[in-house]
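J.: With my numbering, the residue at position 235 of the sequence shown is 235, and numbering never jumps. What follows is a single structure, and I will ask about it in a moment.
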Amino acid sequence: MIYDTSEQTFEQDVIDRSHEMPVVVDFWAEWCGPCRQLTPVLEKLVTEREGKVALAKLDTDANQRLAAAFGIQGIPAVKAFKDGRVVSEFVGAQPPPNVERFLDELVPSEADALVVSGDEAALRQALALEPGRADAAVPLARILHERGEDDEALELLGNVAGSFAADGLAARIRLEQDPALGEAFAHLDAGETEQGLDALIAAIAADGDDRREDLRRAVVAVLDDLGVDHPLARESRRKLASALY
Numbered sequence: 001m002i003y004d005t006s007e008q009t010f011e012q013d014v015i016d017r018s019h020e021m022p023v024v025v026d027f028w029a030e031w032c033g034p035c036r037q038l039t040p041v042l043e044k045l046v047t048e049r050e051g052k053v054a055l056a057k058l059d060t061d062a063n064q065r066l067a068a069a070f071g072i073q074g075i076p077a078v079k080a081f082k083d084g085r086v087v088s089e090f091v092g093a094q095p096p097p098n099v100e101r102f103l104d105e106l107v108p109s110e111a112d113a114l115v116v117s118g119d120e121a122a123l124r125q126a127l128a129l130e131p132g133r134a135d136a137a138v139p140l141a142r143i144l145h146e147r148g149e150d151d152e153a154l155e156l157l158g159n160v161a162g163s164f165a166a167d168g169l170a171a172r173i174r175l176e177q178d179p180a181l182g183e184a185f186a187h188l189d190a191g192e193t194e195q196g197l198d199a200l201i202a203a204i205a206a207d208g209d210d211r212r213e214d215l216r217r218a219v220v221a222v223l224d225d226l227g228v229d230h231p232l233a234r235e236s237r238r239k240l241a242s243a244l245y
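Set out below in structure tokens:
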């Protein structure tokens, strides 16, 4: 979808439409040589994406107030809109591979759509397309864990790198073999996060070396889910450090 836009139609052409699909706005002018290089590249790559992204072309000479409103100081300038706001942008003519990467970051991949679906078959398919993807492996491992298929869940999580959620879930699956920790996980599952964290941290302080790393991973996963600035996360990090060191 490629079209011209203006100050009169911008709200409908770009802001409203960006709630349905990403809209890339090409700010250009007739006298601009680099614009004449970039615009055909944008048109070709947007066409290849077959309706997954729109391209709106805005002549800055004919729409100076709108260009000023978006802070356009040099052209070509490209801004990408999603859900009514600018989410990505660049200035100046770019080689086609750079423009292609810019567009690909806007358009959900097949695996992205499968992860959003969230059912077991879709999550398995997403992992077949992109192995080791944490946002597919973790929810799928949760489904398997709830069915008691812990070996497969741990195998999936073992293929994920750099994910606190994956490490924490794998640690929990191993730790749940100890009935003494059941109360801690019951608190977490009931939304009693502080009680659950305190119980796990207390187990770290009382335990030997065998399970300390798994206990730490289980705690860190909960803290990561809470977020850095959450008051409970800040206090629990202090408690965790005290228990470990």
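Beta carbons are placed, not taken as given, at the ideal position from N, Cα and C, and that holds for glycine.
Under 6 Å Cβ to Cβ from PRO96, same chain only, skipping five residues before and after it: list those, please.
T.: Here residue 96 is taken as the residue at index 96 of the sequence shown, counted from 1. Within the same chain, PRO96 has close Cβ partners VAL41.
J.: Can you tell me whether HIS145 is buried or exposed, with buried defined as 16 or more other CB within 10 angstroms of its CB?
T.: Position 145 of the sequence shown holds residue 145. Answer is buried; the Cβ neighbour count reaches 16.
J.: Assess contact between the region 111 to 124 and the region 51 to 64, defined as three or more Cβ pairs (one per stretch) separated by less than 8 Å. Is contact present?
T.: no
J.: What do you reckon, are the CB atoms on ALA134 and SER109 nearer than 8 Å?
T.: Residue mapping note: residue 134 aligns to position 134 of the sequence shown, counting from 1. Residue mapping note: residue 109 aligns to position 109 of the sequence shown, counting from 1. Against a cut-off of 8 Å, the Cβ pair of SER109 and ALA134 comes out as no contact.
J.: Could you tell me whether the Cβ atoms of ARG142 and LEU169 are closer together than 8 Å?
T.: Your numbering for residue 142 matches position 142 in the sequence shown. Your numbering for residue 169 matches position 169 in the sequence shown. Yes, the Cβ-Cβ distance between ARG142 and LEU169 is below 8 Å.
J.: Report yes if the C-beta distance between PRO22 and VAL53 is below 8 Å; otherwise report no.
T.: In the sequence shown, the residue the question calls residue 22 occupies position 22. In the sequence shown, the residue the question calls residue 53 occupies position 53. Yes, they are a contact pair.
J.: Can you give me the C-alpha to C-alpha distance between ALA161 and GLU130, rounded to a whole angstrom?
T.: The residue labelled residue 161 in the question sits at position 161 within the sequence shown. The residue labelled residue 130 in the question sits at position 130 within the sequence shown. Cα to Cα, ALA161 sits roughly 13 Å from GLU130.
J.: Following the continuous beta strand (DSSP E) through ARG85, name the residue where it begins and the one where it ends.
T.: Numbered from 1 along the sequence shown, position 85 holds the residue referred to as residue 85. 85 to 91 is the extent of the beta strand (DSSP E) around ARG85.
J.: Give me the residue from ARG174, ASP112, ASN159, SER6 with the minimum Cα distance to GLY148.
T.: What you label residue 148 is simply residue 148 of the sequence shown in a count that begins at 1. The residue with the shortest Cα to Cα distance from GLY148 is ARG174.
J.: Rounded to whole angstroms, what's the CA-CA distance from ALA184 to ALA111? Just pull it up for me.
T.: As a working note, residue 184 is residue 184 in the sequence shown. As a working note, residue 111 is residue 111 in the sequence shown. For ALA184 and ALA111, the distance between alpha carbons rounds to 34 Å.
J.: Alpha carbon to alpha carbon, how far is ALA29 from CYS35?
T.: For the purposes of this step, residue 29 is taken as the residue at position 29 of the sequence shown. For the purposes of this step, residue 35 is taken as the residue at position 35 of the sequence shown. Using only the alpha carbons, I get a separation of about 7 Å.
J.: Which term fits GLN8, buried or exposed, when burial requires 16 or more other beta carbons within 10 angstroms of its beta carbon?
T.: Translated into positions along the sequence shown, residue 8 becomes position 8. Counting Cβ neighbours within 10 Å, GLN8 comes out exposed, since fewer than 16 surround it.
J.: Tell me the rounded alpha-carbon separation between LEU140 and LEU154.
T.: Sequence index remark: in the sequence shown, residue 140 carries index 140 (1-based). Sequence index remark: in the sequence shown, residue 154 carries index 154 (1-based). Straight-line Cα distance between these residues: approximately 11 Å.
J.: With a 10 Å radius around its C-beta and 16 neighbouring C-beta atoms as the bar for buried, classify LYS259 as buried or exposed.
T.: Residue 259 lies beyond the range of the chain shown here (1 to 245); nothing can be said about it.
J.: According to DSSP, which residues form a beta bridge with ILE2?
T.: Taking the sequence shown and counting its residues from 1, one reaches residue 2 at position 2. Answer is LEU55.
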